[in-house]
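Read in order, the letters of the sequence shown correspond to residues 1 to 414 in full-length UniProt numbering. Ideal Cβ placement from N, Cα and C applies to all residues, glycine included.
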Amino acid sequence: MNLVPKKPVINEIVRNVKKRLEEISTDQGTKNQIEKFTGLSKGNLVGDAPIGSSSSNVSPLFGIKKRLQQLEEKLDFESDEVTRVIGVVGMPGIGKTTLAKKLMEDWGYMFLHTMFLDDIRAKARSLGIHRLEEDLLYGLMRSKHDGKEIRYDEFTLESLKDELSESKVLIVLDDVSEKSQIDMILGGRKWLREGSRVVITTSSKFAITGMVDETYLVPGLSDEDGFKYFEKHAFTTGSCEPRFMRLAREFVDYSRGHPLALKVLGGELLTKDEAYWVSKLGELAKSPISKTIHNVLRSSYDDLSKHHKDLFLDVACFFRSEDEYHVSCLLDSSVQGNVSEIRHLADKFLITICGGRLELNDLMYTFAMGLESQSSSENSASGRRLFNHGEIIAILLNKAVGDFNFCYTFEVIF
Numbered sequence: 001m002n003l004v005p006k007k008p009v010i011n012e013i014v015r016n017v018k019k020r021l022e023e024i025s026t027d028q029g030t031k032n033q034i035e036k037f038t039g040l041s042k043g044n045l046v047g048d049a050p051i052g053s054s055s056s057n058v059s060p061l062f063g064i065k066k067r068l069q070q071l072e073e074k075l076d077f078e079s080d081e082v083t084r085v086i087g088v089v090g091m092p093g094i095g096k097t098t099l100a101k102k103l104m105e106d107w108g109y110m111f112l113h114t115m116f117l118d119d120i121r122a123k124a125r126s127l128g129i130h131r132l133e134e135d136l137l138y139g140l141m142r143s144k145h146d147g148k149e150i151r152y153d154e155f156t157l158e159s160l161k162d163e164l165s166e167s168k169v170l171i172v173l174d175d176v177s178e179k180s181q182i183d184m185i186l187g188g189r190k191w192l193r194e195g196s197r198v199v200i201t202t203s204s205k206f207a208i209t210g211m212v213d214e215t216y217l218v219p220g221l222s223d224e225d226g227f228k229y230f231e232k233h234a235f236t237t238g239s240c241e242p243r244f245m246r247l248a249r250e251f252v253d254y255s256r257g258h259p260l261a262l263k264v265l266g267g268e269l270l271t272k273d274e275a276y277w278v279s280k281l282g283e284l285a286k287s288p289i290s291k292t293i294h295n296v297l298r299s300s301y302d303d304l305s306k307h308h309k310d311l312f313l314d315v316a317c318f319f320r321s322e323d324e325y326h327v328s329c330l331l332d333s334s335v336q337g338n339v340s341e342i343r344h345l346a347d348k349f350l351i352t353i354c355g356g357r358l359e360l361n362d363l364m365y366t367f368a369m370g371l372e373s374q375s376s377s378e379n380s381a382s383g384r385r386l387f388n389h390g391e392i393i394a395i396l397l398n399k400a401v402g403d404f405n406f407c408y409t410f411e412v413i414f
């Protein structure tokens, strides 16, 4: 029998106790003792700001409550009979890490050992994968000893696993890019006690295929939540001014519920006049996106082989909204093996396949155009993709065709 009360009940008890104690004394020292006694700061409670942050300097987590509930259902925290490993997937910047951090804040109290191992993609390259295995195990041990440092020469990795196997653990492996990273860091499930939970965030479905019990696809923000999130960053008052309403809706529509894009675009528009908003909106369709968004989206692109990078840019330049079967036939006639690899791009969230058509949302399309523009400037003499009708006509008239890739279908009407 599981004797652990449900989380909402615990949160309500903690709120009531803290409220009563704070009524007795508002002394700051007493408040600190309250938090130490309960083990929960206000930020641990559902719907509040993250730990250690005031509501005035933290971006509201719009839409996270529903996402959190959906993820909690898959993790099934109330069952201590099994170990659950859940993959959290979605395009870069969609909010996977934020969701995993909130999950750790809300549920960490149920586990003797917890560890959030972040930025695995980058750290695997800079530190090495074996170092990350050590960081995980020693981090789990430190969580048991209130964060005190554990000497590396006191334990072997196997002895650490033996000791950790006596208690259930909560682990988050954040930003995994390859299956081998999970194998090396986690080393299977045998040392995990029943009741343990592991969450793996990634922008690649392939990286967790066969490695998890279930997968949770992080959706973009709804139109309502997306608009609220955008206006919090775009207006000093946190509310959209009536004269900006139509323009604000267009920026939100462009972002397609992508939290990072909403935040960055909102920040760029803050305190700007209406003319600037109109100008910025017109630039989005033809100008490279901001460096911040570009760098986040590029993480998935950089993991591709050169062949897959070319395939992604071909789809973006020539085949947006085209029939998947038609495109597959064209690619099959030029490069053997491209047919099935279209799906690889979808698994990396670089494109989507909807109703049998290849799609890129406006954000990803602008990102791709920025990459192609950069590639064209670096290879001005050859290897360019020509998809702008005006540029194609100019080159043909000047008889400067050379080694170019043209769109397969276009009409020129004189």
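Counting along the chain, the unbroken alpha helix (DSSP H) around residue 245 starts and ends at 245–255.
Listed in chain order, the non-local C-beta contacts of residue 322 below 7 Å within the same chain comprise 357 and 358, local neighbours out to five positions each way being set aside. Boundaries of the alpha helix (DSSP H) harbouring residue 184: 179–186, taken from the DSSP string. Assigned with DSSP and collapsed to three states, residue 282 falls in helix. In this structure, residue 296 keeps its C-beta atom at 8 Å or more from the C-beta atom of residue 63. Within the model, the alpha-carbon separation for residue 102 versus residue 213 is close to 21 Å. In this structure, residue 113 sits away from residue 198, with a CB-CB distance that is not shorter than 8 Å.
Relative to residue 109, the option among 121, 171 and 210 whose CA is nearest is 171. In this chain, residue 176 is not harboured by any alpha helix (DSSP H); it is covered by the beta strand (DSSP E) spanning 169–176. Of the residues 303, 230 and 137, the one whose Cα lies closest to the Cα of residue 248 is 230. Within the model, the alpha-carbon separation for residue 181 versus residue 282 is close to 42 Å. The bridge partners DSSP lists for residue 214 are 86. The C-alpha of residue 317 is placed about 53 Å away from the C-alpha of residue 167.
Of all alpha-carbon atoms in 222, 236, 99 and 111, the one lying nearest the alpha-carbon of residue 174 is that of 99.
In this structure, 294 is the residue among 394, 294, 398 and 243 with its C-alpha nearest to the C-alpha of residue 371. Taken in chain order, the complete beta strand (DSSP E) segments of 3 residues or longer contained in the segment 89–149 are 113–117. Of all alpha-carbon atoms in 178, 368 and 261, the one lying nearest the alpha-carbon of residue 207 is that of 178. Closest in alpha carbon position to residue 140, among 237, 226, 127 and 155, is 155.
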